[in-house]
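Each step along the sequence shown adds one to the number in my numbering, with nothing skipped, and position 487 is 487. Here a beta-carbon is modelled for each residue, glycine too, at the ideal position from N, C-alpha and C. The structure appears right after this line, and notes come after that.
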Amino acid sequence: MARQAGRLDDLMRVAANRTTLLDLDSRREQALAVVQASLEDATAGGLTASYGAFLRGNSADILYHLGRWPEAEAECRLALGWRMSALEAEWWPPLVLGLLLTESRGDDEAERLVGQALLQLETVPPGQWTGHVLRSAISVALWARDPNGALDIAERDWPRALESDELAVVAWAASTCLEAAAAAADHGRDSSDPGLIMRARAIAARILPQAAAHIERSAIAPSLGARHEAELHLATARAHAERVRGHVDPATWDRLATDWAARPMPYLEAKARWWQALAVLGAAREDDREAARQAAREPLSEAYHIARRLPALPLLREIVDLAARARVALPVVAEPSAVLGIPVGHDEATADHDLVAVGPGRAPDRVAVGPGRPPGVPAAGRSDLAQAIEQRVIAVLRKRPADVYGLSPREQEVLDILAEGRTDRDIASRLFISERTVHVHVRRILAKLGVSSRTEAAGVAIRQGLVPAEMPERPVTPSAPSRERMP
């Protein structure tokens with residue numbers, strides 16, 4: 001009717017509300033089609049300047065949840081060229097872009113955008129944007145390996161998420177805050193900080209029942225997709241609450257990964273697979289560690305492939321690091337000539353890619369890497385992606401120059417952690433080996449370095465450049481809202 005009457009403003013409002021209703025049922029592909037058709041209508045009617053930012057922000061948000069991240073970023077960049085008078089429409093695209101860049105690259109631009117969003121959040125009432133800002137801010141802290149900071153954000157901003165009174169916001173914020181609590185509890189146990197563990201337990205005990213009560217009394221029908229996703233976020237929050245208490249259940253994370261895949265929400269599926277692998281490795285008994293490595297390989301590989309495809313570089317970095325520490329055979333993408341110096345072959349089917357097998361244990365499958373383009377990644381920006389992968393992910397696999405002490409790769413890893421002043425128990429926990437095995441490695445390291453104590457070994461390692469000048473902290477184990485109607 002609006003189209004027939006030539007009322008384009010009304011047509012834009014119709015499109016916005018149709019998108020909201022489709023999103024309410026998690027019918028994102030259909031919602032995306034409506035948004036894209038509306039962009040064509042806006043352009044044809046000369047309303048791009050009025051509605052371009054809002055529509056492209058909606059499109060980017062849908063594409064983000066669908067795992068089509070390069071397309072989502074492109075939409076955000078285009079939207080930044082347009083402005084609307086309404087505040088929420090004007091800063092919606094930068095807000096989505098901040099979340100996207102935080103999870104895809106974790107770079108300086110992401111931190112700047114998230115910082116701006118946090119300041120804006122203090123000046124506006126809680127709403128749909130609250131979930132995005134909370135998720136972005138906590139992710140920034142977790143990927144920076146700052147669990148204390150992530151917990152601070154969760155404690156401060158959870159009340160605003162609850163005040164928004166939106167099902168999707170509350171559910172998403174609950175799983176995000178519990179993820180922060182779990183990471184803080186893990187860090188507290190690793191660093192012998194009971195105070196941090198108690199804080200994590202307190203916030204988990206407060207948030208979980210509040211979120212469950214809010215979801216239970218929601219007016220959104222149980223048959224709708226948004227309600228299903230809220231319940232799934234709540235289940236994810238409960239799984240993180242178990243992590244806070246020091247319990248790990250690989251089967252729980254397996255079920256969650258399967259459920260997120262069915263939505264489909266690939267990024268959350270990848271994170272659940274990562275936590276599944278961590279649970280498998282962390283729960284392994286002394287005499288069952290090799291079987292645990294084999295069991296962890298499949299979920300870790302699935303997480304790797306999804307993170308590579310999105311691309312989610314901060315998550316990819318943690319996946320590769322976990323595989324290296326746990327000696328889990330993993331097919332790892334690399335730029336062989338630039339990074340590993342491995343000669344590779346080509347065949348007719350992979351003429352645009354380099355092939356390389358990387359990983360401990362049994363030789364993993366070869367994977368296509370190098371100058372070719374991964375599925376779903378536009379040619380534009382591919383060089384930036386390859387450079388980011390080389391700098392942020394594959395750096396953990398670079399081989400150091402051979403040293404005169406003849407340390408094995410595993411002895412080098414033990415020495416790296418020993419030089420941080422860690423105990424045998426800490427080393428065993430990080431490398432998923434027994435304390436007895438650590439003791440053997442330490443004894444051999446002392447003999448090869450010609451020293452009699454761990455302190456002397458650390459001193460020699462630092463002076464001789466056998467360990468990085470700045471030792472990295474232990475990797476943190478960090479474990480969809482509907483769009484606003486047209487103003």
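Secondary structure note for Pro-222: it is in no alpha helix (DSSP H), with a DSSP letter that is neither H nor E. DSSP, read as helix, strand or coil, puts Arg-206 in helix. Looking from the CA of Gly-127, the closest CA among Leu-119, Gly-115, Arg-436, Val-170 belongs to Val-170.
In the displayed model, Gln-412 falls within a helix according to three-state DSSP. Annotation: the continuous alpha helix (DSSP H) that includes Arg-436 extends over 435 to 449.
Remark: C-beta atoms of Ala-180 and Ala-154 approach each other more closely than 9 Å.
Annotated as proximal: Pro-93 and Ala-79, with beta-carbon spacing under 9 Å. Restricting attention to Arg-325, Glu-290, Pro-266, Ala-211, the CA atom closest to the CA of Arg-68 is found in Pro-266.
Pairing Glu-302 with Val-328, the inter-Cα distance amounts to about 13 Å. For Met-12, the enclosing alpha helix (DSSP H) begins and ends at 8 to 24. Contact between the region 27 to 34 and the region 44 to 53 is absent, with fewer than three C-beta pairs closer than 8 Å.
Contact holds between the region 101 to 118 and the region 133 to 140, because three or more Cβ pairs, one in each stretch, are under 8 Å apart. Contact check between the region 197 to 208 and the region 243 to 258: three or more CB pairs, one atom from each, fall below 8 Å, which counts as touching.
If you check the CB distance, Ala-173 and Ala-183 do not come in under 9 Å. For Gly-46, there is no enclosing alpha helix (DSSP H), as DSSP marks it with neither H nor E. Going by C-alpha positions, Leu-24 is about 52 Å away from Gly-421. With the rule of 3 Cβ pairs closer than 8 Å, the region 316 to 323 does not count as touching the region 283 to 290.
Counted as a single uninterrupted DSSP element, the stretch harbouring Arg-68 is not any alpha helix (DSSP H), since DSSP gives it neither H nor E.
Leaving aside the five residues that flank Leu-224 on each side, the residues in its chain whose CB is nearer than 7 Å to its CB run, in chain order, Leu-24, Asp-25. Taking Ala-296 as reference, the option from Val-280, Lys-448, Arg-289, Tyr-304 with the minimal CA-CA separation is Val-280.
Leaving aside the five residues that flank Arg-189 on each side, the residues in its chain whose CB is nearer than 8 Å to its CB run, in chain order, Ile-197, Gly-246. Residue burial annotation: Asp-288 is exposed, with fewer than 16 other C-beta atoms found within 10 angstroms of its C-beta. Rounded to the nearest whole angstrom, the CA to CA distance from Asp-424 to Leu-39 is 60 Å. Closest in alpha carbon position to Leu-431, among Glu-109, Val-440, Ile-417, Arg-443, is Ile-417. Going by DSSP, His-187 is part of the alpha helix (DSSP H) stretching over 167 to 190.
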